[in-house]
Amino acid sequence: MTARDLRNPLKTARGLGSSHSGVGHWWTQRVTAAALVLLGVWFVATVLCLLHADYATAHAAVARPWNALLLIAFVLTMFWHAVLGLQVVVEDYVHTRWKEVVLLVAIKFLAVLGALASVLAVLRIALTP
Amino acid sequence: MADTQRPLSPHLQIYKRQVQMMTSIVHRATGIALAVGSVVVVAGLLHLAAGEDSFDHFRGIIGSPVGMILLFGWSWALFYHLCNGIRHLIQDAGAGYAIPQFVRSSWLSIAGSIVLTVLVWAYVLTAGGAA
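First to last, the protein sequences are chains A and V. Residues 480 to 608 (our numbering) are what the first sequence spells out, left to right. Residues 2 to 132 (our numbering) are what the second sequence spells out, left to right.
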């Protein structure tokens, strides 16, 4: 900044930092973690209950409203939590900027694709008579 | 590796091995493994939606020896990440920060994950073999 520049330095800094949103990632990761404690235990228990179920039984179980609802909640929370966690890992260990950005975007693309595919599959199961 | 100019913190080889360091590293490693394992959840749902033949094909794959070994690994990773995740949530709430508590809760996460994995696989194997 030159001596003649009378603009407040805040003008150039505003919007570049993490102020007001810096703890958002941290909080979301904890809230999704707390949700996954419950949903994860439910998921494991559900899978164990269906261990030797044939196709019709498994299909009917997933189609039950509560199971379909919790399954969608589980999958969405899982991918959200995974994106947040992998983001931290990439930011910590990938020090070349372009590789870091490519990985972060690729992770988000894959997670959204996985989440949408899972939701569509559950809906297809739940809505098929 | 790094094209950054800022100083980096000393790397792992510098530190003495401690259990609370291992639980932290393994928490990340299991997190990455579980993110990869989410593919199996998605595949299971897609195959279940696609019909009986498709679902039986999927069960054949996860019931194969390689599939079972991978499932065993992922189940331990899940239970470890669960136990240690609960430990981290408790620490985030501000509890358990004294060093002896920190070490004890680290071992508790490890023991809890092993107990849960053994219980689940004892059930799986006694309930009549492969999924």
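Where a beta carbon is used, it is the ideal one built from N, C-alpha and C, also for glycine. Remember, it's a predicted structure, so these values are computed and weren't measured experimentally.
Neighbourhood of residue i by C-beta distance below 7 Å, restricted to the same chain and skipping five residues each side
i: Leu583(A); result: Gln566, Val569
Buried or exposed (CB count within 10 angstroms, at least 16 for buried), residue i
i: Asp487(A); result: The question names Asp, but residue 487(A) in the sequence shown is Asn. Label assigned to Asn487(A): exposed.
i: Ala590(A); result: buried
i: Thr511(A); result: buried
i: Ser500(A); result: exposed
i: Gln6(V); result: exposed
i: His531(A); result: exposed
i: Met2(V); result: The predicted model places Met2(V) with a pLDDT of 49, which falls under 50 and marks its position as unreliable; any figure quoted below should be read in that light. It is exposed - the Cβ of Met2(V) has fewer than 16 other Cβ atoms within 10 Å.
i: Val560(A); result: According to the sequence shown, residue 560(A) is His rather than Val. It is buried - the Cβ of His560(A) has at least 16 other Cβ atoms within 10 Å.
i: Ala99(V); result: exposed
i: His504(A); result: exposed
i: Trp506(A); result: exposed
i: Gly61(V); result: exposed
Cut-off 8 Å between Cβ atoms - residues of its own chain near residue i, not counting five sequence neighbours on either side
i: Ala34(V); result: Gly74, Trp75, Ala78
Pick from the options that is closest to residue i, judged by C-alpha positions
i: Leu515(A); options: Ala590(A), Leu489(A), Leu550(A), Leu606(A); result: Leu550(A)
i: Gln14(V); options: Arg29(V), Leu47(V), Met23(V), Pro8(V); result: Met23(V)
i: His538(A); options: Asp93(V), Leu47(V), Gly68(V); result: Leu47(V)
i: Pro8(V); options: His574(A), Leu599(A), Ile604(A), Lys578(A); result: His574(A)
i: Pro101(V); options: Gly61(V), Val20(V), Ala36(V); result: Val20(V)
i: Ser597(A); options: Thr556(A), Gln508(A), Tyr572(A), Arg509(A); result: Thr556(A)
8 Å contact criterion, which residue i and residue j should meet: CB distance rounded
i: Ala1(V); j: Phe56(V); result: Chain V is shown only over 2 to 132; residue 1(V) falls outside these bounds and no answer can be derived.
i: Val554(A); j: Lys587(A); result: That belief does not hold up - the Cβ atoms of Val554(A) and Lys587(A) are roughly 16 Å apart, past 8 Å.
i: Ile63(V); j: Val41(V); result: 7 Å
i: Tyr81(V); j: Thr31(V); result: 5 Å
i: Phe103(V); j: Gly97(V); result: 7 Å
Chain-order list of residues whose beta-carbon lies under 6 Å from that of residue i (same chain, five-residue window excluded)
i: Gly113(V); result: Cys84
Checklist entry - Taking the runs of the alpha helix (DSSP H) that are 4 residues or longer, which of them lie wholly in the segment 52 to 124 of chain V? => result Those alpha helix (DSSP H) runs which fall completely within the segment 52 to 124 of chain V and span 4+ residues are 53 to 64, 66 to 93.
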